[in-house]
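Engineer: Got a structure for you, written out below as structure tokens; questions coming shortly.
Residue numbers (the working numbering): 867 to 1555.
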């Protein structure tokens, strides 16, 4: 009962509002086609083959059980494959909702009609009881649950007494359903659905019950069902008939989903993968098989064959879907973007990802440092990410478009309001487009990559997954953040900057009139990433409150002139030319012999800057980083970034580690573009020369 209760808790009924024509069509035919094929098979096969009378009588019920699919099973399958919140996953989810509703209706009618053969009054009474149980739970229990949530202080853990009361409710509803002729799982499932998914109650229930249910009760459930299986009782002829019926059901689901997907305009490979996903079977199907046996619509032998067929089908599906569908491919095929490329564009588009309000002041400081002006505005796409706990359905909400109140609007409100205040203070120069995404930790990067792709951003700013204190001590506090950081770096369709906040600020400093100076430094060792960091620094130079220091490290050992070195010299020459006459920009060149010399330069910068920019990757053969890779504890930040967050570099300095997305950018532009860039970079304080 607890398993089905938690399945209900994770189910978001609001997903019904998102079902479109495509999802409805795919969902309907995914059940209708296999139902027609398997029922026809169960009717025809006894007439052309010598089938035992018992098996022949069971075939229609088996055909129906093999034709249906459930939304929770598909959600769990997508989550395990880590594609739950991709576009493909969302379509599969919404289609499975339609299929699940259709399947639930057919299964309920079939079970009730089987239980009430020759007794229409009994069937009507059972249906009425089921409706009454649902009405009581929705109109009596749900208001009490909402009252508990309302009384609970925001941000605090739900009281133990409330959790216990709900668990008692699960037992009571299961007992009432069993006593009135309904299935024992019906009441707990409906009770779970009526509980608001996500925080605070849904996530609290998942936290309290998921481990014991998934690792203790569910294995016991499977073991109990496994003990009912006896492969030595199976007759080969019966095995082939029931197995072929199960395979026909899977084939029917594939055909129904595949044809409707193609007709809807879906690419061939996506249509194949979606059709395979909708074949998946799991806990709900096993419960249905058990219910079929309980209602004497199947015997022990047929139940065993159905379980074996489920193992065969699902065992083949998982590796096949993983091989066919890789969501990162669409990002790799995209024409990549970077801040260097956006020099010739009139607007800089930046994606800012935050997990909580602690990083808001630092992020706003960084955005203000990019020096947005009327002719070079800044478009900010703000993504507040919340880890998916206590619900099966991922959410992606545009707060400028969404009119429906959301259960996650509260956690996002503080973050969004801070950025809206910043937008209003800049008088149209800055535009903020807020979004909230709730998704599993292992697939959070998909939301970032999707938004960066859709909005054509040049830079994605993501928070570092660890809290770094001013003394260099590190506390891990974002469990899913490491995976997200790594995946975004590998897959993002634009440049990526990891923001390391050393010491939380209460308010943005650059927006304070009393704050007269914001000290920025860029460490330049050479390479694509350092040139991208230099392009970001160029945009900061025009801000009247920023004093920028460019520190270039060069090797004392002889280095051959190669393409990378020529590109570095060209970028530095262009930067120095644009900044000529700007007294707030300083250029320093340091000669070092090896990695220890690089560390010495970094230590000399301690407590001298508010923000330090550095590229992530450097030539491993360069003497400047020799020996540093062996001591790198944070590979997401590169060798230099790792030193900057260590105890070797003290203070509250904010670190920005930049990785450029490789792109083939032709250096083109007319005089108008160059003049526009010059105005953005140097600003009003340019001194004629």
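We treat Cβ as the ideally placed atom computed from N, Cα and C, and that holds for glycine. A quick note: this is a predicted structure, and the numbers were derived from the prediction, not measured.
Go through the region 1455-1493 residue by residue and report every complete run of the beta strand (DSSP E) that reaches 3 residues or more, in order.
Structural biologist: With a minimum length of 3 residues, the continuous beta strand (DSSP E) runs that stay inside the region 1455-1493 are 1477-1481.
Engineer: Assuming contact is defined by CB atoms lying nearer than 8 Å, are residue 935 and residue 896 in contact in what I supplied?
Structural biologist: Contact flag set, yes.
Engineer: Could you tell me which of 1439, 1024, 1292 and 1385 sits nearest to residue 1415, measuring between CA atoms?
Structural biologist: It is 1385.
Engineer: Measure the CB-CB distance between residue 995 and residue 1039 and report whether it falls below 8 Å.
Structural biologist: No, these two residues do not count as a Cβ contact at 8 Å.
Engineer: Can you tell me which of the three DSSP states residue 1168 falls into?
Structural biologist: Looking at residue 1168 - three-state DSSP - the assignment turns out to be helix.
Engineer: For residue 1389 and residue 1461, what's the separation of their Cα atoms in angstroms?
Structural biologist: Cα-Cα distance, rounded: 14 Å.
Engineer: Taking only runs that begin and end inside the region 1382-1454, name each unbroken beta strand (DSSP E) of 3 or more residues, in chain order.
Structural biologist: Counting whole runs of 3 or more residues, the region 1382-1454 contains the beta strand (DSSP E) stretches 1384-1390 and 1412-1421.
Engineer: Does the region 1109-1120 come close enough to the region 1167-1182 that 3 or more CB-CB pairs lie under 8 Å?
Structural biologist: In short, these stretches touch, since the Cβ pair count reaches three.
Engineer: Just mark residue 1383 as buried or exposed, buried being the case when its beta carbon has 16 or more other beta carbons within 10 Å.
Structural biologist: Under this definition residue 1383 is an exposed residue.
Engineer: In whole angstroms, give me the CA-to-CA distance for residue 877 and residue 1264.
Structural biologist: Cα-Cα distance, rounded: 21 Å.
Engineer: Indicate the three-state DSSP secondary structure (helix, strand or coil) for residue 1051 in the structure shown.
Structural biologist: Residue 1051: coil per DSSP, three-state reduction.
Engineer: Please classify residue 1443 as buried or exposed, where buried requires at least 16 neighbouring CB atoms within 10 angstroms.
Structural biologist: So residue 1443 counts as exposed.
Engineer: Would you kindly check if the distance between the Cβ of residue 1430 and the Cβ of residue 1392 is under 8 Å?
Structural biologist: Yes, Cβ-Cβ distance for residue 1392 and residue 1430 is below 8 Å.
Engineer: Provide the residue span of the alpha helix (DSSP H) that contains residue 1143, from first to last.
Structural biologist: Looking at the DSSP string, the run of the alpha helix (DSSP H) that includes residue 1143 is 1134-1143.
Engineer: Since residue 1227 is in the alpha helix (DSSP H), which residue starts that stretch and which ends it?
Structural biologist: 1226-1235 is the extent of the alpha helix (DSSP H) around residue 1227.
Engineer: For residue 917, which of helix, strand or coil comes out of DSSP?
Structural biologist: Note: residue 917 maps to coil in three-state DSSP.
Engineer: Can the beta-carbon of residue 1465 be found closer than 8 Å to that of residue 1144?
Structural biologist: For residue 1465 and residue 1144, no; Cβs fall outside 8 Å.
Engineer: Work out the CA separation of residue 1520 and residue 1367 for me, nearest whole Å.
Structural biologist: So the two alpha carbons sit approximately 5 Å from each other.
Engineer: Leaving out the 5 sequence neighbours to the left and right, which residues in its chain are closer than 8 Å to residue 846 when beta-carbon positions are compared?
Structural biologist: Lying before the first or after the last residue shown, residue 846 is absent from the chain, which here runs from 867 to 1555.
Engineer: By Cβ distance, which residues of its chain are closer than 7 Å to residue 905, with the 5 residues on each side in sequence left out?
Structural biologist: Closer than 7 Å at the Cβ level, and outside the excluded window around residue 905, lie 926 and 929.
Engineer: If you measure from the beta carbon of residue 1089 to each beta carbon in chain B, is any gap under 8 Å?
Structural biologist: Of the protein chains in this structure there is only one, and it is not chain B.
Engineer: Along the chain, where does the beta strand (DSSP E) containing residue 1215 start, and where does it finish?
Structural biologist: Residue 1215 -> beta strand (DSSP E) spans 1214-1220.
Engineer: Only counting the same chain, and skipping five residues up and downstream in sequence, which positions put a Cβ closer than 8 Å to that of residue 1514?
Structural biologist: 1338, 1465, 1468 and 1469, listed in sequence order.
Engineer: Taking the alpha-carbon of residue 1239 as reference, which of 991, 1286, 1407 and 1455 has the nearest alpha-carbon?
Structural biologist: Residue 1239 has its Cα closest to that of 1407, out of 991, 1286, 1407 and 1455.
Engineer: Can you give me the Cβ contacts of residue 1274 inside the same chain, cut-off strictly under 7 Å, excluding the 5 residues immediately before and after it?
Structural biologist: For residue 1274, the pLDDT reaches just 48, beneath the cut-off of 50, and the residue's location in the model is therefore unreliable, although a value from the coordinates is still provided. Correct list, in chain order: 1064, 1252, 1261, 1302 and 1304.
Engineer: Return the chain-ordered ranges of every alpha helix (DSSP H) run that is complete within the region 917-961 and spans a minimum of 4 residues.
Structural biologist: Taking only runs of at least 4 residues, the alpha helix (DSSP H) segments lying wholly in the region 917-961 are 919-933 and 937-946.
Engineer: Going by the CB atoms, is the gap between residue 1218 and residue 1246 shorter than 8 Å?
Structural biologist: Closer than 8 Å, so yes.
Engineer: Do you know offhand how far residue 1097's Cα is from residue 1167's?
Structural biologist: Looking at the two C-alpha atoms, the distance is approximately 8 Å.
Engineer: Spatial neighbours of residue 964 within its chain, please: CB distance less than 7 Å, with the 5 preceding and 5 following residues excluded, ordered by chain position.
Structural biologist: Closer than 7 Å at the Cβ level, and outside the excluded window around residue 964, lie 885, 889, 890, 893 and 894.
Engineer: Apply the 10 Å Cβ neighbour rule to residue 1030 and answer buried if 16 or more other Cβ atoms are within range, or exposed otherwise.
Structural biologist: Residue 1030 should be labelled exposed.
Engineer: Examine the Cβ distances between the region 1322-1335 and the region 956-972 and report whether three or more of them are shorter than 8 Å.
Structural biologist: Taking 8 Å as the limit for Cβ pairs, the verdict is that the region 956-972 does not touch the region 1322-1335.
Engineer: Looking at C-beta atoms only, is the number of pairs between the region 1117-1128 and the region 901-917 that lie closer than 8 Å three or more?
Structural biologist: Segments in contact, yes.
Engineer: From 1077, 1179 and 1113, pick the residue whose C-alpha is nearest to that of residue 869; which is it?
Structural biologist: Measuring from the Cα of residue 869, the nearest candidate turns out to be 1077.
Engineer: Within 10 angstroms of the Cβ of residue 1010, are there 16 or more other Cβ atoms? Answer buried if so, exposed if not.
Structural biologist: Classification of residue 1010: exposed, given that the 10 Å Cβ count is below 16.
Engineer: So what's residue 1265 in DSSP terms, helix, strand or just coil?
Structural biologist: Reduced to three states, the DSSP call for residue 1265 is coil.
Engineer: Where does residue 1335 fall in DSSP's three states?
Structural biologist: In the structure shown, residue 1335 sits in coil (DSSP, three-state: anything other than H, G, I, E or B).
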